[in-house]
Amino acid sequence: MTGQSNKDDLFLHDIEMGLGAWSWGDRSIWNYGRGYSDDDIEEAFHTSVSAGVNLVDTAEVYGSGLSEHLLGQFLKTTDQPILVATKFMPFPWRLSRKSLSNALHRSLDRLGLERVDLYQIHWPFPPYPVETWAEEIAGVANEGLTRAVGVSNFDKNQMQRAYSVLLSFNVPLTSNQVEYNLLNRRVEKNGVLDRCKELGIRLIAYSPLAKGLLTAKYDPQNPPPGVRGNGAVGKLKRIQSLIDLLKKIGKIHKDKTPAQVALNWIICKGALPIPGAKTGKQAAENSGAIGWRLTLEEINLLDEMSDDVSR
Ligand SMILES: NC(=O)c1ccc[n+]([C@@H]2O[C@H](COP(=O)([O-])OP(=O)(O)OC[C@H]3O[C@@H](n4cnc5c(N)ncnc54)[C@H](OP(=O)(O)O)[C@@H]3O)[C@@H](O)[C@H]2O)c1
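Numbering follows the numbering used here, in which position 98 of the sequence shown is assigned residue number 334; successive positions increment by one, without gaps.
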């Protein structure tokens, strides 16, 4: 295997699901180094790619660059076309406009690439208005350092403003990456999802498994470890009826698991889920979320149950 083949025909809008790489190197939330190794992560990567999951989402801040570095190593071992998405963090102390371009060059070094497929502004942090970083990211797109530009955690108004600035540089806004799952449907209610569809912006759904809560492997007696456990017991008690419904619907679809049903629900909503996977086993299960669809009736049932458990 000699590195990636041509991926010019691959576009974000055609992709059903991606793979999230936050846990690759992150110790503070995900306990990297305890319970899963670099070999497990590499297996997660290859399992996903073999199953047709050909987008990986990372960021300069994940594992302080380790996530990008590991992804760069894995990319060298496959000839499959894979879209690479990474992000710029507008830390408040980044006062020079050049920091975006400098950060992208460092990301490219770690990834071993000449350009990425999607470069995203991670958060709309002050002190600069979103217009400032939109102008800078348009610049790196026009230099050819990224094929496409996205934002993340932008509300409807911020997204619209970034869209307009980018348009003035002839750069389309390709995506907005926001939290979206059966336990957090804010984007359905605050107009972000609808506006994305109107403007042709792909909504990338992060934490699509609610950081593991929707996989059914946790329960009130066995909450997630570390900081993810904070407040999780009460939540897990509230969502048991939703987990039961995910299991029931999964059975109808040739024994799909709760995770697969929860991810398919996002795909049915017209968004692109990027579940994180630490192991080949998790990646294999998650990739079973693509290539089929829930019925409208099942989507409605899940919507109702998600409303009930979120009250
Ligand atoms: N733009 C942003 O601000 C932002 C914020 C958050 C995330 N993201 C992106 O979105 C991606 C996904 O979000 P996320 O990692 O927060 O949460 P997630 O995808 O909802 O959950 C991922 C975690 O759930 C567990 N899991 C995944 N698949 C499983 C399976 N099949 N069976 C059992 N457990 C499974 C694993 O953790 P355990 O094994 O430890 O339970 C895994 O690390 C991230 O990797 C990142 O790329 C972006």
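Don't be surprised by glycine CBs; every beta carbon is placed ideally from N, CA and C.
Item: Helix, strand or coil for A321 per DSSP?; Value: strand
Item: Let me know if P511 comes out buried or exposed under the rule of 16 or more other beta-carbons within 10 Å of its beta-carbon.; Value: buried
Item: Going by the C-beta, is P317 closer than 7 Å to any heavy atom of ligand 1?; Value: no
Item: Is D386 helix, strand or coil when you go by DSSP?; Value: In the sequence on display, residue 386 carries Gly and not Asp. In this structure, G386 counts as strand in the three-state DSSP scheme.
Item: Going by the CB atoms, is the gap between T294 and E278 shorter than 8 Å?; Value: no
Item: Between G348, P362, T368 and G301, which has its C-alpha nearest K334's C-alpha?; Value: T368
Item: Could you name the residues that DSSP lists as bridge partners for N420?; Value: N417
Item: For the alpha helix (DSSP H) that R342 lies in, which residues bound it at each end?; Value: K334 to L347
Item: Run through the stretch 435-520 for me and flag every whole beta strand (DSSP E) of 3 or more residues, listed as ranges in chain order.; Value: 438-442
Item: Can you give me the start and stop residues for the beta strand (DSSP E) that Y355 sits inside?; Value: V352 to I357
Item: Using a Cβ-Cβ cutoff of less than 6 Å, which residues in the same chain neighbour V407 once the five nearest sequence positions on both sides are dropped?; Value: A374, A377 and V385
Item: I'd like to confirm something about N522: is its beta-carbon nearer than 7 Å to some heavy atom of ligand 1, or not?; Value: yes
Item: By the 10 Å Cβ neighbour count, where 16 or more other Cβ atoms means buried, how is V463 classified, buried or exposed?; Value: exposed
Item: Pull the bridge partners of S411 from the DSSP assignment, please.; Value: G386 and R438
Item: What does the alpha-carbon distance come out to for the pair K453 and A339?; Value: 38 Å
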